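Participant: For the sequence shown, my numbering gives the first residue as 32, with consecutive numbering after it.
Quick reminder that beta carbons are idealized off the backbone N, C-alpha and C, glycines included.
Computed from a predicted model, the values in this text were never measured in an experiment.
Below are the structure tokens for one structure; questions will follow.
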Amino acid sequence: AEPDILETYMIANSVSVVVLPERTPLDATDIKLGLDEDSFAWKFSCTLHGVTSLNLVRPSGSGRKTIEVTINGWVWLILVERYSRSAQFPAERFSVSGASRTQLLAAPYAPRRSAMNAVDINARQAAEDQLYLTGFTLNWDATGIGPPDWSITAGALSYQDQTPMQVIARIAEAVGGIVRPDMAGDGLTVLPRYREAVWWWDESIMDRIIPGELITNIEGEWSPQPAWNTVYVSGTTQGVAVDVRRTGTAGDNPAPDVFDDLITATDAARSRGICELSKGGDQEVVPLTIPLMQQGGSAPGLVLPGHLCEVREAPGNWWRGKCLGVDIGATGTGASKVSQVLRLERHYTEAA
32 AEPDILETYM IANSVSVVVL PERTPLDATD IKLGLDEDSF AWKFSCTLHG
82 VTSLNLVRPS GSGRKTIEVT INGWVWLILV ERYSRSAQFP AERFSVSGAS
132 RTQLLAAPYA PRRSAMNAVD INARQAAEDQ LYLTGFTLNW DATGIGPPDW
182 SITAGALSYQ DQTPMQVIAR IAEAVGGIVR PDMAGDGLTV LPRYREAVWW
232 WDESIMDRII PGELITNIEG EWSPQPAWNT VYVSGTTQGV AVDVRRTGTA
282 GDNPAPDVFD DLITATDAAR SRGICELSKG GDQEVVPLTI PLMQQGGSAP
332 GLVLPGHLCE VREAPGNWWR GKCLGVDIGA TGTGASKVSQ VLRLERHYTE
382 AA
């Protein structure tokens, strides 16, 4: 959606932190939430004031406590994992940290297992099998946004002492994918690391448009890579071997070869190859800070890892990038300041 362009932005921030299921409010400040594209759970931290608030989030006989964090209408469910104390008379402060509920699929909560697929199985089914009886659900739009589903040959998927999340992440990585956790639900989504190849970004539909008027801080770190235009992607003891070449190039600058047990179909190899080639070329990691608008209000709203963004930094200086991660902060008295710091991957090519 196109953002509203205004001379002045008036934002009435609203922040609440409550303990579930009673919905008892907590006296919390310095609230921070973060996620990057290689994480499988949102990370959370805050400062609680007074032992009364701390007692509300201490583990009970029924297990660890869950809190609901709402910032400008965006909601997260957080499993409280740790706390520490800092007392300076007469005030007591407690640092609390936690993660979104997908952390339950990883160590130390989830059991480690060892297995091997005795028969051919589709990758999506293999990932869904990891969630059996956990209450979690998997979203994988193989025919839409991708990545593709494919048949994993019997014996190719073998693992030892792995948690469900480790196995799912491995399956996603094989095809150039990432795992994005739900913010407030028991679900996770497999997505392509690059929704569109870097050289197609000019023609791609953007997930978010960020006007320069909203940017309060912007930095940059140059991070060049070779401009790869071909890559060899192969299975190991079984599977397929494919040379993936960028269309319209000579294919004379190969990326490092990729060998993966799970490359057992051409579609999987092609998807992984596009991902590897998209990592190359002159590029910059650009951290920028913008407000977190109300959910359902003016664009751009919350920007998530994997989102393609058009940054309209200034007239004549529009560029596109992919979000690598986001850090959200609610600070000040009454959480008077709410911002999100994005890390965008910007490519300096003829098409980005």
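1) How would you label Val82, buried or exposed, when you count the other beta carbons within 10 angstroms and need 16 or more for buried?
2) What's the gap between the Cα of Gln269 and the Cα of Trp231?
3) Residues bridged to Trp350 by DSSP?
4) In chain order, what residues of the same chain have a beta carbon less than 6 Å from the beta carbon of Asp291, not counting five sequence neighbours either side?
5) Mind checking who Cys306 pairs with in its DSSP beta bridge?
6) Are the beta-carbon atoms belonging to Ser182 and Ala154 less than 9 Å from one another?
7) Considering only DSSP beta bridges, list what Thr97 is partnered with.
8) Is it true that the CB of Val317 sits closer than 9 Å to the CB of Ile209?
9) Any idea which residues DSSP pairs Ser117 with across the strands?
10) Could you give the distance in angstroms between the alpha-carbon of Arg374 and the alpha-carbon of Val334?
11) Using a Cβ-Cβ cutoff of less than 8 Å, which residues in the same chain neighbour Gln191 once the five nearest sequence positions on both sides are dropped?
12) Classify Val127: buried if its beta carbon has 16 or more other beta carbons within 10 angstroms, exposed otherwise.
13) Could you give the distance in angstroms between the alpha-carbon of Gly279 and the alpha-carbon of Asn260?
14) Taking Pro451 as the reference, give the member of Pro223, Thr194, Glu244 and Phe167 with the closest Cα.
15) Determine whether the beta carbon atoms of Phe75 and Leu64 lie at a separation below 9 Å.
16) If I follow the unbroken alpha helix (DSSP H) through Asp160, where does it start and stop?
17) Here's a check: name, in chain order, each residue in its chain whose Cβ is nearer than 8 Å to the Cβ of Ala158, leaving out the five neighbours to either side.
18) Taking the alpha-carbon positions, what's the Asp217 to Arg351 distance?
19) Identify whether Ser131 lies in helix, strand or coil by the three-state DSSP scheme.
20) Of the choices Glu341, Glu376, Ile102 and Asp58, whose alpha-carbon is the least far from that of Met214?
21) For Thr168, which beta-bridge partners are listed by DSSP?
22) Which two residues bound the contiguous alpha helix (DSSP H) that contains Ile202?
Facilitator: This is what the structure holds:
1) exposed
2) 32 Å
3) Val342
4) Ala205
5) Beta-bridge pairing links Cys306 to no other residue.
6) yes
7) Leu51 and Leu110
8) no
9) According to DSSP, Ser117 bridges with Arg124.
10) 10 Å
11) Ser145
12) buried
13) 9 Å
14) Missing from the structure shown is residue 451; the chain here goes from 32 to 383 and no further.
15) yes
16) Ala154 to Asp160
17) Leu169, Trp171, Val198, Ile199, Ile202, Ala203 and Val221
18) 32 Å
19) strand
20) Ile102
21) For Thr168, the pairing in a beta bridge is given by DSSP as Gly218.
22) That run of the alpha helix (DSSP H) goes Pro195 to Ala205.
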